[in-house]
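K.L.:
Input: one structure, supplied below.
There are 2 protein chains.
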Amino acid sequence: MRDVAEATGVSQSTVSRVLTGAATAVPIAPDTRERVIEAAKRLGYRPNPLARGLRGARTMLLGVIVREITDPFFAGAIEAVSIEASQRGYNVVLGHAHGHAEEAIALWGVLEARHCDAIVLLGDMRDQPRLIEDLHGARIPIVALWQGSRSADIPSVDVDNRAGMLAVLRHLAELGHRRIAFIGGRRLGDIRDREDAFREFMADHPEDASVEYTSNDLEGGADALGRLLDQPLPPTAVAASTDVLALGALHRAYTRGLRVPDDLSVTGFDDIPFAAAAIPALTTVRMPVREMVATGLRMVFDDPSDGSAAGPPHPLLIPSLVHRGSTGPARRP
Amino acid sequence: MRDVAEATGVSQSTVSRVLTGAATAVPIAPDTRERVIEAAKRLGYRPNPLARGLRGARTMLLGVIVREITDPFFAGAIEAVSIEASQRGYNVVLGHAHGHAEEAIALWGVLEARHCDAIVLLGDMRDQPRLIEDLHGARIPIVALWQGSRSADIPSVDVDNRAGMLAVLRHLAELGHRRIAFIGGRRLGDIRDREDAFREFMADHPEDASVEYTSNDLEGGADALGRLLDQPLPPTAVAASTDVLALGALHRAYTRGLRVPDDLSVTGFDDIPFAAAAIPALTTVRMPVREMVATGLRMVFDDPSDGSAAGPPHPLLIPSLVHRGSTGPARRP
DNA sequence: CTGAAAGCGCTAACAC
DNA sequence: GTGTTAGCGCTTTCAG
Numbered sequence: 001m002r003d004v005a006e007a008t009g010v011s012q013s014t015v016s017r018v019l020t021g022a023a024t025a026v027p028i029a030p031d032t033r034e035r036v037i038e039a040a041k042r043l044g045y046r047p048n049p050l051a052r053g054l055r056g057a058r059t060m061l062l063g064v065i066v067r068e069i070t071d072p073f074f075a076g077a078i079e080a081v082s083i084e085a086s087q088r089g090y091n092v093v094l095g096h097a098h099g100h101a102e103e104a105i106a107l108w109g110v111l112e113a114r115h116c117d118a119i120v121l122l123g124d125m126r127d128q129p130r131l132i133e134d135l136h137g138a139r140i141p142i143v144a145l146w147q148g149s150r151s152a153d154i155p156s157v158d159v160d161n162r163a164g165m166l167a168v169l170r171h172l173a174e175l176g177h178r179r180i181a182f183i184g185g186r187r188l189g190d191i192r193d194r195e196d197a198f199r200e201f202m203a204d205h206p207e208d209a210s211v212e213y214t215s216n217d218l219e220g221g222a223d224a225l226g227r228l229l230d231q232p233l234p235p236t237a238v239a240a241s242t243d244v245l246a247l248g249a250l251h252r253a254y255t256r257g258l259r260v261p262d263d264l265s266v267t268g269f270d271d272i273p274f275a276a277a278a279i280p281a282l283t284t285v286r287m288p289v290r291e292m293v294a295t296g297l298r299m300v301f302d303d304p305s306d307g308s309a310a311g312p313p314h315p316l317l318i319p320s321l322v323h324r325g326s327t328g329p330a331r332r333p
Numbered sequence: 001m002r003d004v005a006e007a008t009g010v011s012q013s014t015v016s017r018v019l020t021g022a023a024t025a026v027p028i029a030p031d032t033r034e035r036v037i038e039a040a041k042r043l044g045y046r047p048n049p050l051a052r053g054l055r056g057a058r059t060m061l062l063g064v065i066v067r068e069i070t071d072p073f074f075a076g077a078i079e080a081v082s083i084e085a086s087q088r089g090y091n092v093v094l095g096h097a098h099g100h101a102e103e104a105i106a107l108w109g110v111l112e113a114r115h116c117d118a119i120v121l122l123g124d125m126r127d128q129p130r131l132i133e134d135l136h137g138a139r140i141p142i143v144a145l146w147q148g149s150r151s152a153d154i155p156s157v158d159v160d161n162r163a164g165m166l167a168v169l170r171h172l173a174e175l176g177h178r179r180i181a182f183i184g185g186r187r188l189g190d191i192r193d194r195e196d197a198f199r200e201f202m203a204d205h206p207e208d209a210s211v212e213y214t215s216n217d218l219e220g221g222a223d224a225l226g227r228l229l230d231q232p233l234p235p236t237a238v239a240a241s242t243d244v245l246a247l248g249a250l251h252r253a254y255t256r257g258l259r260v261p262d263d264l265s266v267t268g269f270d271d272i273p274f275a276a277a278a279i280p281a282l283t284t285v286r287m288p289v290r291e292m293v294a295t296g297l298r299m300v301f302d303d304p305s306d307g308s309a310a311g312p313p314h315p316l317l318i319p320s321l322v323h324r325g326s327t328g329p330a331r332r333p
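Those protein sequences? They're chains U and C, same order as listed. Residue numbering for the first sequence is 1 to 333, as defined by this note's numbering. Residue numbering for the second sequence is 1 to 333, as defined by this note's numbering.
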């Protein structure tokens with residue numbers, strides 16, 4: 001930058017003012033501006049984000065803390081964040097919590113130290129009270145995506161899990177299913193809300209409901225279905241709390257020789273890309289990922305209306321049922 | 001940091017020396033060190049990476065440029081990099097090239113400007129000569145993973161695509177298949193090498209070989225299989241160049257009413273998590289992702305032996321065939 | 001409208 | 001062994 005200043009014959013401050021571009025209270029002579037810009041280009045000047053950040057300006061870094069990067073759903077979410085962020089000229093610093101909430105806290109510290117301009121939390125981190133606490137004392141805007149609709153003290157964007165789950169269950173009921181099972185991962189965030197909706201729906205004939213907990217991966221889904229099928233009166237339909245679980249269940253149904261949807265209906269949640277390519281294609285709930293991410297970034301970047309009276313905003317987007325081949329009429333008993 | 005110095009009654013430099021921890025040429029009094037550490041902890045001191053980086057020290061940032069973050073295989077790779085990096089205390093800055101090589105260049109500039117301590121390239125970027133050029137003039141260590149085995153001027157870690165593909169084809173041949181098709185994505189990097197191996201293997205009866213190009217996603221795989229099946233003499237086995245393509249093909253086979261592996265054998269490449277849960281489980285080639293990432297990071301961090309005589313290193317890891325249910329004996333004609 | 005100067009938080013010569 | 005000092009590259013008052 002000094003070079004640019006020298007080459008142009010103006011002072012560094014002027015160069016800074018020009019290059020920062022922002023509406024400095026003080027206007028600059030148009031020709032000076034042009035000369036500076038030209039020289040900067042010629043000299044291949046590139047601002048040093050470190051120095052900028054050090055001085056308190058924006059670092060153009062967006063911190064992302066994800067609980068489980070392994071999860072294909074979150075992998076897609078990270079992609080969406082990355083795309084959306086780059087459109088705003090931001091770079092993404094990825095923090096992986098490896099499923100441990102303490103790590104998320106550490107990460108948080110790291111990202112704050114790195115002067116990220118904003119932080120996005122992917123997935124439910126509320127089981128770690130200290131995180132939320134620290135977050136509250138933070139000066140940089142933050143938004144939690146897919147935190148589960150129970151609102152915490154930080155702004156969040158969530159999906160209406162209840163509506164999605166009820167849509168699935170109504171669909172199943174219309175097909176004549178009564179004995180329906182729910183497969184859930186850890187009772188956390190979105191999954192928890194989906195389970196609650198399931199219990200609510202089945203409240204009038206709870207004897208037909210069963211719930212299996214498992215790890216939220218393909219094997220978990222497979223194992224859960226295995227246990228369900230070993231029951232004396234197995235369900236005729238399985239509503240999995242995520243697509244990954246559903247895909248695992250589909251595979252186990254296959255190895256057990258069950259035909260889907262003739263012998264068993266299976267549904268997922270999220271509509272990850274693989275859902276449409278499952279065999280048979282998975283009936284699931286489509287998550288408006290792009291919209292949720294866009295909404296979240298808008299909240300942290302465009303609308304820093306934090307300490308407003310009504311508390312942090314918690315928009316709730318509506319998912320939609322995607323009807324595909326993995327659900328069919330219940331078998332006549 | 002000044003606070004810590006004042007609280008301890010020593011100078012800032014001493015604090016720096018203690019906290020940097022590194023083997024400073026100059027030793028420090030044990031009790032001073034302790035007092036400083038204690039005070040730092042008490043005051044909740046956290047170093048400012050920006051200032052550090054500005055001063056020329058390491059930023060503990062690892063830049064990652066990925067061509068296509070959508071690709072589940074690379075999503076897994078990013079995960080591996082993130083895990084491996086965090087074990088070394090590094091944070092990952094993710095740059096997504098959106099499939100465009102020019103973006104990769106821009107990203108490169110950004111990451112360099114951010115003073116990343118090293119850069120990892122995920123996937124083949126060599127179609128953009130300027131990238132490679134710029135890379136050469138760079139001062140920070142860099143490594144390319146899954147670049148395709150044709151070595152460029154930058155250090156890389158690759159997998160032996162030829163060995164993997166030949167293993168697949170031999171397996172298929174042993175099952176009695178002669179009419180074998182290859183489904184490839186863009187003729188880039190690893191995929192290209194796999195195709196070459198395919199052509200090599202089929203060289204003695206090229207009339208039985210067919211090659212379909214498509215986009216490297218689920219739909220691409222499905223469409224390619226569709227075209228293959230419409231041929232007058234369709235193949236009895238399909239070797240897809242990636243698991244994603246294979247999974248897409250599996251789905252199309254299903255919708256076309258073909259039974260795998262009875263009517264058609266299908267193989268993939270990469271062994272992404274979904275491969276094992278496919279219906280039927282996919283015979284594929286396992287990619288040693290963790291090892292490759294670990295090797296790559298070792299190259300950039302532990303062994304900055306750049307300008308050595310023999311040119312940049314290009315270790316080639318060996319993949320292994322995973323035999324599952326999607327391959328079976330060729331149909332008696 | 002532009003220049004001079006003071007740091008942001010930290011490290012690394014160089015003294016003592 | 002420890003303190004002093006000079007910046008890293010930039011933004012930002014405060015004067016001209």
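Glycine included, C-beta positions come from ideal geometry on N, C-alpha and C.
For Ile335/U, report the span of its alpha helix (DSSP H) as first-last.
P.N.:
Coverage of chain U is limited to positions 1 through 333, which leaves residue 335/U absent and any answer about it impossible.
K.L.:
Shorter than 8 Å from the beta carbon of Arg286/U to some beta carbon of chain C?
P.N.:
So, not an interface residue.
K.L.:
Go ahead and label Ala75/U buried or exposed: buried means 16 or more other beta carbons lie within 10 angstroms of its beta carbon, across all protein chains shown.
P.N.:
Classification for Ala75/U: buried.
K.L.:
With a cut-off of 8 Å on the beta carbons, I'd call Leu111/C and Ile105/C a contact; round off their distance for me.
P.N.:
Not really, about 11 Å apart at Cβ, beyond 8 Å.
K.L.:
At which residues does the alpha helix (DSSP H) containing Leu54/U begin and terminate?
P.N.:
First-last of the alpha helix (DSSP H) with Leu54/U: 49-54.
K.L.:
How big is the Cα-Cα spacing for Phe269/U and Ala57/U?
P.N.:
Straight-line Cα distance between these residues: approximately 41 Å.
K.L.:
Only counting the same chain, and skipping five residues up and downstream in sequence, which positions put a Cβ closer than 6 Å to that of Asp243/C?
P.N.:
Closer than 6 Å at Cβ, skipping near neighbours: Gly268, Asp270, Ile272, Ala275, Thr284.
K.L.:
Determine, using beta carbons only, whether Glu291/C and Gly248/C come nearer to each other than 8 Å.
P.N.:
Going by C-beta atoms, Glu291/C is not nearer than 8 Å to Gly248/C.
K.L.:
Can you confirm whether Leu169/U, when its beta carbon is compared against all beta carbons of chain C, has any partner nearer than 8 Å?
P.N.:
Taking Cβ atoms only, chain C never reaches closer than 8 Å to Leu169/U, which makes this a no.
K.L.:
When burial is assigned at 16 or more other CB atoms within 10 Å of the CB, is Asp262/C buried or exposed?
P.N.:
Burial call: exposed.
K.L.:
Whose C-alpha, out of Leu250/U, Pro49/U, Arg178/U, Glu84/U, is nearest the C-alpha of Pro280/U?
P.N.:
For the residues Leu250/U, Pro49/U, Arg178/U, Glu84/U, the minimum Cα distance to Pro280/U belongs to Leu250/U.
K.L.:
What runs of the alpha helix (DSSP H), each 4 residues or longer, lie entirely inside the segment 174-261 of chain C?
P.N.:
Counting only runs of 4 or more, we get 189-201, 218-229, 243-255.
K.L.:
Taking Tyr45/C as the query, report the chain U residues whose CB atoms sit under 9 Å from its CB, ordered along the chain.
P.N.:
None at all; the shortest Cβ gap to chain U is about 11 Å.
K.L.:
Could you tell me which chain U residues have their CB closer than 7 Å to the CB of Arg58/C, listed as they occur along the chain?
P.N.:
Neighbours of Arg58/C on chain U: none; closest Cβ ~12 Å, over 7 Å.
K.L.:
In three-state terms, what does DSSP make of Ser16/C?
P.N.:
Helix at Ser16/C.
K.L.:
Under 8 Å by Cβ, that's how I've got Phe198/U and Ala239/U pegged, so tell me the actual separation to the nearest angstrom.
P.N.:
With a Cβ gap of about 6 Å, Phe198/U and Ala239/U count as contacting.
K.L.:
Which residue from Arg187/U, Leu172/U, Asn91/U puts its Cα closest to that of Phe201/U?
P.N.:
Residue Leu172/U is the option with its Cα nearest to Phe201/U.
K.L.:
Quick one: grab the DSSP three-state call for Glu162/C.
P.N.:
For the sequence presented, residue 162/C should be read as Arg rather than Glu. Arg162/C: helix per DSSP, three-state reduction.
K.L.:
For the candidate residues Ala224/U, Pro235/U, Thr236/U, Pro234/U, whose alpha-carbon lies nearest to that of Arg252/U?
P.N.:
Of Ala224/U, Pro235/U, Thr236/U, Pro234/U, the residue nearest in Cα terms is Ala224/U.
K.L.:
At least one CB of chain U closer than 8 Å to the CB of Ser326/C: is that the case?
P.N.:
So no, Ser326/C is outside the interface.
K.L.:
Do Val143/C and Leu94/C have their C-beta atoms within less than 8 Å of each other?
P.N.:
Taking 8 Å as the Cβ cut-off, Val143/C and Leu94/C do not qualify as a contacting pair.
K.L.:
Starting from Thr284/C, trace the beta strand (DSSP E) in both directions and tell me its first and last residue.
P.N.:
Counting along the chain, the beta strand (DSSP E) containing Thr284/C begins and ends at 284-286.
K.L.:
Here's the rule: buried if 16 or more other CB atoms are within 10 angstroms of the residue's CB, otherwise exposed. What is Gln147/U?
P.N.:
So Gln147/U ends up on the buried side.
K.L.:
Would you verify that the beta carbon of Phe269/U is, or is not, closer than 8 Å to some beta carbon of chain C?
P.N.:
False, the Cβ-Cβ gap to chain C never drops below 8 Å.
K.L.:
Who are the near neighbours of Met60/U in its chain, counting only those whose CB is closer than 7 Å to its CB and skipping five residues on each side?
P.N.:
Cβ neighbours of Met60/U beyond the five flanking positions: Pro49, Gly89, Tyr90, Asn91, Asp117.
K.L.:
Measuring straight from C-alpha to C-alpha, what distance separates Leu297/C and Ile37/C?
P.N.:
If I take the Cα positions, the gap works out to 31 Å.
K.L.:
Determine the extent of the alpha helix (DSSP H) in which Leu297/C is found, giving its start and end residues.
P.N.:
Its alpha helix (DSSP H) spans residues 289-297.
K.L.:
Taking C-alpha atoms, which residue in Arg331/C, Val289/C, Val293/C, Val266/C lies nearest to His323/C?
P.N.:
Closest by alpha carbon: Val266/C.
K.L.:
Does the Cβ of Asp193/C have 16 or more other Cβ atoms within 10 Å, making it buried, or fewer, making it exposed?
P.N.:
With 16 or more Cβ atoms within 10 Å of its Cβ, Asp193/C is classed as buried.
K.L.:
Since Arg187/U contacts Glu195/U with CB under 8 Å, what's their CB separation in whole angstroms?
P.N.:
Between Glu195/U and Arg187/U the Cβ distance is about 7 Å, and since that is below 8 Å, they are a contact.
K.L.:
Any idea if Glu212/U is buried or exposed, counting beta-carbon neighbours within 10 angstroms, 16 or more meaning buried?
P.N.:
Buried, by the Cβ-count rule.
K.L.:
Under a three-way DSSP split, which group does Ala118/C fall into?
P.N.:
If DSSP states are grouped into helix, strand and coil, Ala118/C belongs with the strands.
K.L.:
How long is the line joining the alpha carbons of Ala167/U and Ile318/C, rounded to whole angstroms?
P.N.:
About 48 Å.
K.L.:
Who are the Cβ neighbours of Val293/C in its own chain at under 6 Å, not counting the five residues just before and after it?
P.N.:
Only Ala80, Val81, Glu84 meet the Cβ criterion.
K.L.:
Where does the unbroken alpha helix (DSSP H) through Ile37/C begin, and where does it stop?
P.N.:
Residues 30-42.
K.L.:
Output the distance between the C-alpha atoms of Ser13/U and Ser241/U, rounded to the nearest integer angstrom.
P.N.:
Computed Cα separation, rounded: 57 Å.
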